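Chemist: The structure follows.
Residue numbers (our numbering): 2 to 1151.
Given below as structure tokens:
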């Protein structure tokens, strides 16, 4: 029974240090047991918050509404039970009843979960999932069997999302699976026509080019959505007008369906073969075989509900996708013949209604061994239909993708073509496309007998050729060759450092461009950094269309799969300059077969400002800053933080030409990674934008100026923030803030930061005057911000505490690590913002440690003056040893160097510099090391180890150990002067016994020695002065004090000494002494008068008689411990001619 109880406790509670997990009551979903007391401590990645979500099956029985007694689940916004409660404002953090709590979020990376039951009755309990969350929207999410589900929300959910948000999530599931989204809570995104104002867009793929699944807005809860492939792209955007609560959506691996890629594979209904498939199922599979092969699909098992026309439960197989030609629709239990696709793609859909279910199905797909189509990358090549020149097969689709060198065009020559002839070529045909993309223009559609030598030319370096057949007539097929001898009509790599022009083919402002063009340019910036790509149009006349679906010019970041910058058509030149920070832009010009126009003429240049900045912080300035900027400046910066972080951009200087709508000179900030992201603001004049915060991990800053008036420009710094308060910060400077500062922070918040700078420095913290942390008692007990020295809360000295409206004074920490804790209860306020910076120097109090030059092992900076204090007490000794040493050398170290000050001395030892490692330095009491550098040469600096050793002291115990300070494992140090003051009880004496002794030997012990005095100082009687290797005798004081001096010179050292002392009985208790009377008596001491002598005695009596007198000594009583093997090794009396020595000792239990 005892063993069972212990095993149950092991399953109840614990420490969970993973970013995602599940917590359940014992036996869930069965009833939990009584008298449980379970605590879980959850810790996720620093800088993130924790999202808590409960399953609908929730039952914790309790008669009270406040869940104060009985069974309850308690959540705390922090590490332990003393943290603020998590949940609705004013609540106690406890939950019970039959309704699960809604999704909640902590304010930092810690959560405390407490489940308590009494002995009355039990419920079914709870299941809770938790997940690390960043408040910075967007990011990549990897779903696996170990982490199969999670929740995404719009920013600030369930509060209103902010304006101008731009969030992109990419959800990735394992190969062969699909992504499923289920909207369970409220959904409210500003409604608009076509959801153009604010929306959540879902795409079946990894980027914004992927096919759209849905574009959602309004207040109707969306249905379940699934991807066909393993990746789903989600983008949430809001405009600058109305905001709403947004959405919460649960993502997971779809219960059925997905993409299967490979030579072959198996599909089966949910539950097969163990259980019947569930009612109301909807499963979609996308099959993708090797390129150039067709698929055969055959059922191995089929057992579905039968119905007329398979209207109830069925399996449907189509070509390509859900809108492809249907190959078959199946139900009942009769296995059909295999079906064959025309290409390497197929779509399988399984549907069941809510009535009868059955065991289901299992089918297999296999790719053909024969191949048609493929990727052709040579300068020349040959294409032919399958089996050419024999009859080609029915129901086939072959696709060839031709790519030749950039700057050339593809010329396809028909050598032979004998294909089923039909006026519109709808049966068997060859299609040729001007490019590889899905929207590339079609150049030709051929069938019948085509004259040999017929040519089809692309405008650029790519072409797509498709051969398709139906199930009727077959013929001899075709054979064609392609070459790339001719220059391309348009498109190329553009990278001239002086810039250049690109235009529609044949542009002359007189003649129209031709139809079915496909032109691709890649503009590559040759400058590695501090440069932007500027694209301007001098002329634009293209076919107009509302969504630019016909003839258009498209720009994307990077390559053809990059984020869309803009799509242009019609006759209106873009009103804003196109300035791009990324080093490459893809430009795509497409025309269809209908209306043509005069075309466009554009120019690209590479500017000397802007570029991409990544990391944890940086600086952006206008060109020439602090001098006035130039006219016609075009600068774009893309700031990209680590995923899960946001960006804070702070302008400290701002002066540009003013205009009411910033038409002339301006700084434009976009909330996302491209020039198409929502605009946060456009700024001009002399009013600083202040601090701008992104909603995701990307921010675009664009600066444009005209040719007239010029201002002083701007200076801005940026830093990253995880938004989830608290975390570990490794930085030399930065800012920490309460949640949502300077807005009101939420109640019951708790945040903890551990800030760590370089080991050679100390931290200084300054609080902003905008400080408001209401605390009901005014004692900073419930709501506060506190700063501790060191890496652990409350372990080190408290450096500062603040609440109310008065910020703490500036904090100067002794070393390079501090811990800051912010906590709030019910009262809320604006909170605090504090900046920290590291400066060289430190105050070191540990018994061992090291001192590093700034930036070590990298080179130190110029113009430094750093002080390091090793804070040792008066009875401590500091030994400093240099491990590495490389400073600029100079005759008297006047440039860079180190000065060492001993104790409180104002005079230093000789300065140290150069690259020769100095010898060890010692100091009794504190030691100060001053490191300085000038404005010239720097070097890698130094690393020194220090050790604080006891050097004497005051000892008041009844016994103890004293020893020499050990410099290394074997030797004491030079120039030591340590004093030891031993004091025992008033009516006792001190006995000192040396256990080890090895000092430098000298005839009069004048170099290194230990001197022992019978009293409290050196004015007392000297009991002995000892050196060399011989163990000194046991020494006793006459009173209750003894004083030792250990002193060494500057030369030879040795292993040192070690001694033990103890209190013992003295002559006043009858233990030893000098007896000079003519007659008398002595006896074994009995201090406690129990009739027995005490243990561990060593009493020596010296009986002194007059000269020429004899001493007669007679025992009247003698009862001592018996001898051992005729040898008195335990307790004994020894009488010697020169003195009488009595030893009483208990050694039995050695």
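Using N, Cα and C, we set each Cβ at its ideal position, and we do this for glycine too.
These numbers come from a predicted model, not from an experiment.
Here's the rule I'm using: 16 or more other beta-carbon atoms within 10 Å means buried, otherwise exposed. How should residue 1 be labelled?
Modeler: For the chain, the structure presents residues 2 to 1151; residue 1 sits outside this window and is missing.
Chemist: For the putative contact between residue 149 and residue 157, defined by C-beta atoms under 8 Å, what is the C-beta separation to the nearest angstrom?
Modeler: As a working mapping, residue 149 is identified with position 148 in the chain shown. As a working mapping, residue 157 is identified with position 156 in the chain shown. The pair is not a contact, with the Cβ atoms about 27 Å apart (cut-off 8 Å).
Chemist: Put residue 546 into one of helix, strand or coil per three-state DSSP.
Modeler: Position 545 of the chain shown, counted from the first residue, corresponds to residue 546. It is coil, neither helix nor strand.
Chemist: Out of curiosity, what's the CA-to-CA distance linking residue 1137 and residue 1058?
Modeler: By 1-based counting over the chain shown, the position of residue 1137 is 1136. By 1-based counting over the chain shown, the position of residue 1058 is 1057. One C-alpha to the other measures close to 31 Å.
Chemist: Please confirm whether residue 982 and residue 1027 have their CB atoms less than 8 Å apart.
Modeler: Looking up residue 982 in the chain shown gives position 981. Looking up residue 1027 in the chain shown gives position 1026. No. Outside cutoff.
Chemist: Using only alpha-carbon positions, find the residue among 1000, 125, 1014 and 116 that is nearest to residue 100.
Modeler: Sequence index remark: in the chain shown, residue 100 carries index 99 (1-based). Answer by Cα proximity: 125.
Chemist: Quick check on the burial criterion: 16 or more other C-beta atoms within 10 angstroms. Buried or exposed for residue 154?
Modeler: Your numbering for residue 154 matches position 153 in the chain shown. Under this definition residue 154 is a buried residue.
Chemist: Nearest by alpha-carbon distance to residue 60: which of 77, 46, 102 and 548 is it?
Modeler: The residue given as residue 60 occupies position 59 in the chain shown. For residue 60, the nearest C-alpha among the options comes from 102.
Chemist: Mind checking who residue 1183 pairs with in its DSSP beta bridge?
Modeler: The chain is shown from 2 up to 1151; residue 1183 falls before or after that span and cannot be answered.
Chemist: Take every Cβ of the region 777-787, pair it with every Cβ of the region 823-834, and state whether three or more of those distances are shorter than 8 Å.
Modeler: Yes, the region 777-787 is in contact with the region 823-834.
Chemist: Do the CB positions of residue 675 and residue 566 come within less than 8 Å of each other?
Modeler: On the chain shown, residue 675 is found 674 positions in, with the first residue counted as 1. On the chain shown, residue 566 is found 565 positions in, with the first residue counted as 1. Contact: yes.
Chemist: Who are the Cβ neighbours of residue 79 in its own chain at under 7 Å, not counting the five residues just before and after it?
Modeler: Translated into the one-based positions of the chain shown, residue 79 becomes position 78. Excluding sequence neighbours, residue 79 sits near 85, 111, 113 and 751.
Chemist: Within 10 angstroms of its Cβ, does residue 294 collect 16 or more other Cβ (buried), or is it exposed?
Modeler: On the chain shown, position 293 is the one that residue 294 refers to. It is buried - the Cβ of residue 294 has at least 16 other Cβ atoms within 10 Å.
Chemist: Can you tell me whether DSSP reads residue 987 as helix, strand or coil?
Modeler: Along the chain shown, one-based indexing puts residue 987 at 986. In this structure, residue 987 counts as coil in the three-state DSSP scheme.
Chemist: With C-beta atoms as the reference, is residue 1036 less than 8 Å away from residue 1013?
Modeler: For this step, residue 1036 is matched to residue 1035 along the chain shown. For this step, residue 1013 is matched to residue 1012 along the chain shown. Against a cut-off of 8 Å, the Cβ pair of residue 1013 and residue 1036 comes out as a contact.
Chemist: Quick one: what's got a C-beta closer than 6 Å to residue 689's C-beta in the same chain, skipping five residues either side?
Modeler: As a working mapping, residue 689 is identified with position 688 in the chain shown. Taken in chain order, the residues that qualify are 652 and 655.
Chemist: In the DSSP output, which residue or residues are listed as bridge partners for residue 620?
Modeler: As a working mapping, residue 620 is identified with position 619 in the chain shown. Answer is 718.
Chemist: Which first and last residues belong to the beta strand (DSSP E) in which residue 685 is found?
Modeler: Residue numbering aside, residue 685 sits at position 684 when the chain shown is read from its first letter. Premise fails: residue 685 is in no beta strand (DSSP E) and is neither H nor E.
Chemist: In the DSSP assignment, the beta strand (DSSP E) including residue 212 goes from what residue to what residue?
Modeler: The residue you call residue 212 lines up with position 211 of the chain shown. Where residue 212 is concerned, there is no enclosing beta strand (DSSP E), given that its DSSP letter is neither H nor E.
Chemist: Name the DSSP bridge partner or partners of residue 268?
Modeler: Looking up residue 268 in the chain shown gives position 267. Looking at the DSSP assignment, residue 268 forms a beta bridge with 364.
Chemist: Does DSSP put residue 1069 in a helix, in a strand, or in coil?
Modeler: Within the chain shown, residue 1069 is the residue found at index 1068, counting from 1. Residue state, collapsed to three classes: helix.
Chemist: Inspect the beta-carbon positions of residue 1046 and residue 980 and report whether they are closer than 8 Å.
Modeler: The residue labelled residue 1046 in the question sits at position 1045 within the chain shown. The residue labelled residue 980 in the question sits at position 979 within the chain shown. Contact: yes.
Chemist: Please give the ranges of any beta strand (DSSP E) in the region 118-154, keeping only runs that are unbroken, at least 3 residues long and fully inside the region.
Modeler: You should have 128-134, 140-143 and 150-154.
Chemist: Please state if the CB of residue 715 and the CB of residue 669 are separated by a distance shorter than 8 Å.
Modeler: The residue you call residue 669 lines up with position 668 of the chain shown. The residue you call residue 715 lines up with position 714 of the chain shown. Cβ atoms of residue 669 and residue 715: not closer than 8 Å.
Chemist: Would a C-beta distance cut-off of 8 Å place residue 405 and residue 485 closer than the cut-off?
Modeler: Here the question's residue 405 lines up with position 404 in the chain shown. Here the question's residue 485 lines up with position 484 in the chain shown. It is a contact, given that the beta carbons lie within the stated cut-off.
Chemist: For residue 241 versus residue 353, is the C-beta distance shorter than 8 Å?
Modeler: As a working note, residue 241 is residue 240 in the chain shown. As a working note, residue 353 is residue 352 in the chain shown. No.
Chemist: What is the C-beta distance between residue 68 and residue 37, in whole angstroms, given that I count them as a contact (C-beta under 8 Å)?
Modeler: Indexing the chain shown from 1 puts residue 68 at position 67. Indexing the chain shown from 1 puts residue 37 at position 36. Not confirmed; about 15 Å, so no contact.
Chemist: Taking C-alpha atoms, which residue in 328, 128, 169 and 582 lies nearest to residue 534?
Modeler: For the purposes of this step, residue 534 is taken as residue 533 along the chain shown, with counting starting at 1. Nearest option by C-alpha distance: 582.
Chemist: With DSSP as the reference, label residue 585 as helix, strand or coil.
Modeler: Position 584 of the chain shown, counted from the first residue, corresponds to residue 585. Note: residue 585 maps to strand in three-state DSSP.
Chemist: In angstroms with no decimal places, state the Cα-to-Cα distance between residue 606 and residue 938.
Modeler: For this step, residue 606 is matched to residue 605 along the chain shown. For this step, residue 938 is matched to residue 937 along the chain shown. Each residue's alpha carbon lies about 40 Å from the other.
Chemist: What's the C-alpha gap between residue 274 and residue 232?
Modeler: Here residue 274 refers to the residue found at position 273 of the chain shown. Here residue 232 refers to the residue found at position 231 of the chain shown. Looking at the two C-alpha atoms, the distance is approximately 28 Å.
Chemist: So, is residue 1135 buried or exposed, given that buried needs 16 or more other C-beta atoms within 10 angstroms?
Modeler: As a position in the chain shown, residue 1135 is number 1134, starting the count at 1. Burial call: exposed.
Chemist: Does the region 785-800 come into contact with the region 892-904, if we say contact requires no fewer than three beta-carbon pairs (one atom in each stretch) closer than 8 Å?
Modeler: The region 785-800, when compared against the region 892-904, does not touch it at the 8 Å Cβ threshold.
Chemist: Determine which residues share a DSSP beta bridge with residue 86 and list them.
Modeler: Your numbering for residue 86 matches position 85 in the chain shown. Paired residues: 77.
Chemist: In chain order, what residues of the same chain have a beta carbon less than 6 Å from the beta carbon of residue 297, not counting five sequence neighbours either side?
Modeler: In the chain shown, the residue the question calls residue 297 occupies position 296. Correct list, in chain order: 339, 341 and 367.
Chemist: Assuming residue 472 contacts residue 395 under a Cβ cut-off of 8 Å, what Cβ separation, rounded to an integer in Å, is found between them?
Modeler: Residue 472 sits at position 471 when you count from the first residue of the chain shown. Residue 395 sits at position 394 when you count from the first residue of the chain shown. Right, their Cβ atoms sit about 5 Å apart.
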